[in-house]
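The structure appears right after this line, and notes come after that.
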């Protein structure tokens, strides 16, 4: 028997209609999404391409309701980052740190991954360029590695954001903060507090969007989980 449209949406969003989801959105939330899609004529699942698109939309809706973001290429952020980076001296003059403190996690409390790195979607890069860690607003955010702050301000879709140019040349972007605790030009060590989590900019709920870039520009992102794991910090 062919599944109805509501059941299709529930299935795509990871729901078994006979059992509640363990965490995240409620069944009422999902049914509301399904009803909205049906009413707007947006529910079309025809063939692999249509199914992939529906899966992407459903995954986005599920993560967004839990504290996710839709940030992609944002000209305001990129311009501010380039300006700040060019105006900030290199951080390689920092004194060496103890190996065990070279890299660390950005959060000290329990978090939930509300959107994974690399999820396909309509972003300019074709995928989610960071990882979203859902935590209550005001949770302390720490630098994952030592470096120099090249951006600490409101930055378009990224909201209140801090970008640290790390010693290995990578850039760590911490977005959607409710509060920024550092200034451009400040030198930070691994574990230093740089701000507090929030939902500023293009965000649907409180979380930390952590993005690691191999270079300054958008599209040079790397998997933050793998990047940190190779350096002894496992998200």
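In UniProt numbering, the protein residues as written are 1 to 235.
Note that beta-carbon positions come from the ideal geometry of N, C-alpha and C, so glycine has one too.
Being a predicted model, the structure only gives us computed values, none of them experimental.
For residue i, which of helix, strand or coil comes out of DSSP?
i, result
"residue 161", "strand"
"residue 156", "helix"
"residue 132", "strand"
"residue 48", "Any answer about residue 48 is weak, because its pLDDT of 42 lies below 50 and its placement is not dependable; what the coordinates show is given next. Residue 48: helix per DSSP, three-state reduction."
"residue 226", "helix"
"residue 233", "coil"
"residue 261", "This structure gives no information on residue 261, because the portion of the chain shown stretches from 1 to 235."
"residue 187", "strand"
"residue 112", "strand"
"residue 203", "strand"
"residue 149", "strand"
Would you mind giving the Cβ-Cβ distance between residue i and residue j, rounded to the nearest angstrom? I have them listed as a contact below 8 Å.
i, j, result
"residue 196", "residue 104", "Rounded, the Cβ-Cβ distance is 17 Å, inconsistent with contact."
"residue 167", "residue 134", "About 29 Å separates the two Cβ atoms, so there is no contact after all."
"residue 233", "residue 155", "Not really, about 25 Å apart at Cβ, beyond 8 Å."
"residue 158", "residue 222", "18 Å between Cβ atoms; not a contact."
"residue 69", "residue 209", "5 Å"
"residue 252", "residue 215", "In the structure as shown, the chain begins at 1 and stops at 235. Residue 252 is therefore absent and cannot be evaluated."
"residue 213", "residue 173", "7 Å"
Could you pull out every residue in the same chain whose Cβ sits closer than 6 Å to the Cβ of residue i, ignoring the five residues on either side in sequence?
i, result
"residue 142", "106, 191, 193"
"residue 73", "124, 218"
"residue 129", "211, 221"
"residue 160", "154, 177, 180, 200"
"residue 115", "63, 68, 128, 132"
For residue i, does the count of other Cβ atoms within 10 angstroms reach 16, so buried, or fall short, so exposed?
i, result
"residue 84", "buried"
"residue 229", "exposed"
"residue 224", "buried"
"residue 201", "buried"
"residue 132", "buried"
"residue 175", "buried"
"residue 75", "exposed"
Closer than 8 Å by C-beta to residue i: which residues in its own chain qualify, once you throw out the five before and the five after it? Chain order, please.
i, result
"residue 188", "143, 146, 147, 148, 149, 164, 182, 194"
"residue 78", "217, 218"
"residue 136", "197, 206"
"residue 186", "148, 149, 152"
Considering just the uninterrupted stretch of the beta strand (DSSP E) at residue i, what are its terminal residues?
i, result
"residue 140", "140-142"
"residue 81", "That residue, residue 81, is in no beta strand (DSSP E); its alpha helix (DSSP H) goes 75-86."
"residue 124", "Segment: none, residue 124 is in no beta strand (DSSP E) and carries neither H nor E."
"residue 197", "193-197"
"residue 171", "171-180"
"residue 210", "207-213"
Within the same chain, show all residues whose beta-carbon is closer than 7 Å to that of residue i, passing over the 5 residues directly before and after it, in chain order.
i, result
"residue 184", "84, 88, 149, 150, 151, 152"
"residue 109", "135, 139"
"residue 203", "69, 159, 176"
"residue 117", "128, 130, 131, 223, 224, 225"
"residue 162", "149, 151, 152, 174, 177, 180, 182, 194, 195"
"residue 82", "216"
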